[in-house]
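Residue numbering for the sequence shown follows numbering that gives the first Met the number 0, starting at 0 and increasing by one per position. Quick reminder that beta carbons are idealized off the backbone N, C-alpha and C, glycines included. A short worksheet on the structure shown next.
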Amino acid sequence: MNLRLLPTLALALLLPLLAGCIDKDKIATIPDAENLLFTPDGRLVVTGGTGVYEIVRSGAGYAAQPLQAELNGSCSFTGLAQLGDWVFAACQQRPNGLFGSPDNHLLAARVQAGQPLRFVQVERASAPDPMDTLALPNGLARAPSGHLLVADYDLFHSAGVARLAMDFTGPRPRIAAFQKNWLGAAHGVQHPNGIR
0 MNLRLLPTLA LALLLPLLAG CIDKDKIATI PDAENLLFTP DGRLVVTGGT GVYEIVRSGA
60 GYAAQPLQAE LNGSCSFTGL AQLGDWVFAA CQQRPNGLFG SPDNHLLAAR VQAGQPLRFV
120 QVERASAPDP MDTLALPNGL ARAPSGHLLV ADYDLFHSAG VARLAMDFTG PRPRIAAFQK
180 NWLGAAHGVQ HPNGIR
């Protein structure tokens, strides 16, 4: 191979990589944006920082409209997923500071045409709240089986992926079954930071 062609070859390989970094449109600002999803009716929902937002048209542009959540105090929102007519969001409160016990929440909002999403606490099948056994519920996904998967991220200890069976027969979803480390170290999963 001719060494004089090496810089040209390197540039040819680098240009396609740089193309993805050019010309993006910023439509809304969401602090610490974590996750997003499109509902079947075309709504864009985003978690970030201490809220869940719907991106809506505002004049000639777009705006991040905060959505209501049934919570006392501030919560750090992470994952988003949709099962049937419900959008789920995970969040964590730390009432006793960074090194205190987490107070994790699973919230759900029913998707109804023309109605704003309003997140309510999911009912639990048992006390204490099984979500509080997770270090940081940092990602949500719908499994093909219809279960809700929750990535449990823990920087200092091995964690895994929890699997939840949801019951939709009441006025709000209920956690019917909870498997904390459905996927864990035995499966090569130790520090999941998200799930798809």
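Can you list, in chain order, the residues of its chain with a C-beta nearer than 7 Å to that of Ala-140? Leave out the 5 residues immediately preceding and following it. Ala-80, Leu-148, Ile-194 and Arg-195
Looking at the unbroken beta strand (DSSP E) that takes in Leu-106, where does it start and where does it end? 102-109
What residue ranges within the segment 24-69 form continuous beta strand (DSSP E) runs of no fewer than 3 residues, ordered along the chain? 32-37, 43-47, 50-57 and 60-65
Based on the DSSP secondary-structure assignment, which residues constitute the bridge partners of Ile-174? Met-165
Going by the CB atoms, is the gap between Ile-174 and Ala-182 shorter than 9 Å? Residue 182 is actually Leu in this sequence, not Ala. Not a contact, by the Cβ cut-off of 9 Å.
Just to confirm the assignment, what range does the beta strand (DSSP E) spanning Asn-137 have? 136-141
According to DSSP, which residues form a beta bridge with Ala-88? Leu-79 and Leu-106
DSSP bridge partner residues for Leu-116 (one or two, in chain order): DSSP, once it has assigned bridges, lists no residue as partnering Leu-116.
Nearest residue (CA-CA) to Leu-116, options Arg-123, Ser-73 and Thr-38: Thr-38
So what does DSSP say about Ala-150, is it helix, strand or coil? strand
Just how far apart, CA to CA, sit Glu-69 and Glu-33? 20 Å
Backbone CA spacing between Ile-54 and Gly-83 [nearest angstrom]: 21 Å
Checking 9 Å against the spacing of the C-beta atoms, do Thr-77 and Gly-138 come in under that value? yes
Buried or exposed: Asp-40, going by 16 or more other Cβ atoms within 10 Å of its Cβ? exposed
With 16 other CB atoms within 10 Å as the buried threshold, where does Thr-28 fall? exposed
Just to confirm, is the Cβ distance from Ala-134 to Phe-118 under 9 Å? no
What residues in its chain sit with their C-beta under 6 Å from that of Asp-166, if we drop five residues either side in the sequence? Arg-173 and Ala-175
Gln-91 and Pro-136 look like a contact to me (Cβ under 8 Å); what is the Cβ gap, rounded to whole Å? 7 Å
Beta carbon of Gln-120, beta carbon of Arg-171: below 9 Å? yes
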